[in-house]
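Participant: As you go down the protein sequences, you meet chains A and B in turn. Counting in our numbering, the first sequence runs from 1 upward without gaps. Counting in our numbering, the second sequence runs from 1001 upward without gaps. Glycine residues also receive a C-beta, built at the ideal position from the N, C-alpha and C atoms. Encoded as C-alpha cells, here's the structure I'll be asking about.
There are 2 protein chains.
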Amino acid sequence: MANQLPAFITPNDLREHWQGHRRLTRRTIEAFPTDKLFAFSVGGMRPFGELAREMIGMAVPTIEGLISDTWSAYAEAPATTRESLLQAWDDTTAAIDERWASIPVAHFQDTVTAFGQWTMPAHALVLYLVDNEVHHRGQGYVYLRALGIEPPPFYART
Amino acid sequence: MANQLPAFITPNDLREHWQGHRRLTRRTIEAFPTDKLFAFSVGGMRPFGELAREMIGMAVPTIEGLISDTWSAYAEAPATTRESLLQAWDDTTAAIDERWASIPVAHFQDTVTAFGQWTMPAHALVLYLVDNEVHHRGQGYVYLRALGIEPPPFYART
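This is the structure we're talking about:
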C-alpha cells in the first residue's frame, strides 16, 4: 500500500491523532453543566452543544464521501441533551474507526469537491474537520472559564 | 527522499497547511484594537497577544530541535506591541520556510523528547504546534466577538 510520496504522517496515525482530539472534545462536552451545554455562550456565539453537533454532522459524511465520492447533504446531529450528544459522539467514534481504512491511501492526495462546494485536496478536507473541532473546542474552553469551570488539560488525549 | 510509509500528507504540504493557519492567525492579531491585544480577555484567561507570543516562542525552537536534536529553553517572544508582534510573526514565517526542509523526512516518524520533557513522535510534536495555535486562535475569536468585532473567516488561509 506504500505510495511514492514522503510521509509526514501516515493515514492510520492521522486517524489516531484525530481520535485523540475527539477524546478531549468528549471530555469537554462532559465538563459542561447539563443546563449550560445548549444554552450558554459568550459574545452571541453558538453554545458548545451546537458546535459539537456540527462536528458530528461533518465527520462521517466526509469519510463516506471520500470512500464513495457520493456526498450527502450536510445535516447537524439532532442531539438536544448531553446524553444523546455523547451517544452520537461515540457512534461517530466507532464509525470513523470502522470506515477510515476504506479510503484508498492514494486518494488523500486527490483534489475533491466535498458536498458539491468545497474543492481541495482530500488531506486538507480531513484536516479541516480536525481543525474545525480544535477551533470550536477552544471556544468551549472560554465558555467553561467564563462559567468558572476548569477545562480538561489540552494535552490529555488518551 | 521517498520513504516506504503511506503518506496522508507530505512534509511540504503540512508546512503549507501550517502557514495557511499562520496567515489566518496573523489576521486575527490584526483584528484586535491595539489597546486590547495585550489587555483584554474573557474568564481570566491570557490576552490574545500573550497567546501569540507563546505560538512564536514554540515554533522555530521546535524546528531547530528536530533538525539538531538540541533543545533550547522555551522563551516567549518578547513583543509587547502589535507592531513588534507582527514583525516577530513574519520573522517566524520566514524561518519556518527556510528551515523546514532541513528536517530529514524519515525523522517525522521518530520519537523525540522535546525541550527535555515532551516525548512523542516528531509528527505529533509538529501537529501540537499547529493544534495549539488553532486552539488559542479559537479563543481569540471569542475575545473579538465579546468586543463586538467580527473575526476573519475561519476558512480563509491565503
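(1) State the start and end residues of the unbroken beta strand (DSSP E) segment that holds residue 1113 of chain B.
(2) Hey, residue 1017 of chain B and residue 124 of chain A are a contact pair by Cβ (cut 8 Å); roughly how many whole angstroms apart?
(3) Can you find a CB in chain B that lies within less than 8 Å of the CB of residue 11 of chain A?
(4) Sorry if obvious, but does the Cβ on residue 1063 of chain B come closer than 7 Å to a heavy atom of the ligand MG?
(5) Can you name the residues of chain A whose CB is closer than 9 Å to the CB of residue 1138 of chain B?
(6) CA-CA distance, residue 146 of chain A and residue 140 of chain A?
(7) Please report the straight-line C-alpha distance between residue 2 of chain A and residue 112 of chain A, rounded to a whole angstrom.
(8) Leaving out the 5 sequence neighbours to the left and right, which residues in its chain are closer than 7 Å to residue 42 of chain A when beta-carbon positions are compared?
(9) Kindly say whether residue 1052 of chain B, judged by its beta-carbon, lies nearer than 8 Å to any beta-carbon of chain A.
(10) Using the Cα positions of residue 14 of chain A and residue 7 of chain A, report the straight-line distance between them to the nearest angstrom.
(11) Alpha carbon to alpha carbon, how far is residue 1119 of chain B from residue 1020 of chain B? Give it in angstroms, no decimals.
(12) Could you check where the beta strand (DSSP E) with residue 1118 of chain B kicks off and where it finishes?
(13) Going along the chain, which residues of the stretch 103–123 of chain A sit with their C-beta nearer than 8 Å to a C-beta in chain B?
(14) Taking just the CA atoms, how far does residue 116 of chain A sit from residue 1063 of chain B?
(15) With the cut-off set at 8 Å, would you say residue 1037 of chain B and residue 1082 of chain B are in Cβ contact?
(16) For residue 76 of chain A, is the classification buried or exposed, using 16 other Cβ atoms within 10 angstroms of its Cβ as the cut-off for buried?
(17) Looking at the C-beta of residue 1 of chain A, does it have a partner C-beta in chain B at a distance below 8 Å?
(18) Would you give the residue range spanned by the alpha helix (DSSP H) that residue 1021 of chain B belongs to?
(19) Going by DSSP in three states, residue 1093 of chain B sits in which element: helix, strand or coil?
(20) For residue 155 of chain A, does the three-state DSSP call read helix, strand or coil?
(21) Figure out for me which residue from B:1023, B:1004, B:1012 has the closest Cα to the Cα of residue 1102 of chain B.
(22) Under DSSP, the alpha helix (DSSP H) around residue 1064 of chain B begins and ends at which residues?
(23) Rounded to the nearest angstrom, how far is the Cβ of residue 23 of chain A from that of residue 137 of chain A, given a contact under 8 Å?
(24) Report the residue from A:97, A:29, A:150 whose alpha carbon sits nearest the alpha carbon of residue 79 of chain A.
(25) Classify residue 1114 of chain B as buried or exposed, calling it buried when 16 or more other Cβ atoms lie within 10 Å of its own Cβ.
(26) Given that a residue counts as buried once 16 or more other Cβ atoms are within 10 Å of its Cβ, and exposed if not, what is residue 1034 of chain B?
(27) Measure from the C-beta of residue 1059 of chain B to each C-beta in chain A and report whether the shortest distance is under 8 Å.
(28) With DSSP collapsed to three states, give me the class of residue 1072 of chain B.
(29) Residues of chain A with a CB under 7 Å from the CB of residue 1146 of chain B: which are they?
(30) Which word fits residue 1153 of chain B, buried or exposed, when buried means at least 16 other C-beta atoms lie within 10 angstroms of its C-beta?
Facilitator: Taking the definition as stated:
(1) According to the DSSP assignment, residue 1113 of chain B belongs to the beta strand (DSSP E) that extends over 1111–1114.
(2) 7 Å between Cβ atoms; contact.
(3) Look at residue 11 of chain A: its C-beta is under 8 Å from a C-beta on chain B.
(4) The ligand MG is absent from the structure shown, which contains no ligands of any kind.
(5) The contact set of residue 1138 of chain B on chain A, defined by CB atoms closer than 9 Å, consists of 134, 135, 136, 137, 138, 139, 140, 141, 142 in chain order.
(6) So the two alpha carbons sit approximately 10 Å from each other.
(7) Unreliable placement is indicated for residue 2 of chain A, whose pLDDT of 49 sits below 50; the coordinate value is still reported in the next sentence. Near 21 Å, if we compare the C-alpha coordinates of residue 112 of chain A and residue 2 of chain A.
(8) Counting only residues of its own chain and dropping the five nearest sequence neighbours on each side, residue 42 of chain A has a CB closer than 7 Å to the CB of 142, 143, 146.
(9) So, not an interface residue.
(10) Spanning the two alpha carbons is a distance of roughly 11 Å.
(11) Taking C-alpha positions only, residue 1020 of chain B is separated from residue 1119 of chain B by approximately 27 Å.
(12) According to the DSSP assignment, residue 1118 of chain B belongs to the beta strand (DSSP E) that extends over 1118–1121.
(13) Taking 8 Å as the Cβ-Cβ cut-off against chain B, the residues of the stretch 103–123 of chain A that qualify are 105, 108, 109, 121, 123.
(14) Rounded to the nearest angstrom, the two C-alpha atoms are 38 Å apart.
(15) Against a cut-off of 8 Å, the Cβ pair of residue 1082 of chain B and residue 1037 of chain B comes out as a contact.
(16) Around the CB of residue 76 of chain A, fewer than 16 other CB atoms lie within 10 Å, so the residue is classed as exposed.
(17) Caution is warranted here: a pLDDT of 47 is assigned to residue 1 of chain A, below 50, making its placement in the model unreliable, and no coordinate value can be reported.
(18) Membership of residue 1021 of chain B in the alpha helix (DSSP H) is indicated by the continuous run 1011–1031.
(19) Helix, per DSSP.
(20) Coil at residue 155 of chain A, not helix or strand.
(21) It is B:1012.
(22) Element bounds for residue 1064 of chain B: 1048–1068.
(23) Actually they do not touch by this definition, with Cβ atoms about 11 Å apart.
(24) When only C-alpha atoms are compared, the closest one is A:29.
(25) So residue 1114 of chain B ends up on the buried side.
(26) Exposed, by the Cβ-count rule.
(27) Not an interface residue.
(28) Residue 1072 of chain B: coil per DSSP, three-state reduction.
(29) At a beta-carbon threshold of 7 Å, the residues of chain A lying near residue 1146 of chain B are 42, 43, ordered along the chain.
(30) Here residue 1153 of chain B is exposed, its C-beta having fewer than 16 other C-beta atoms within 10 Å.
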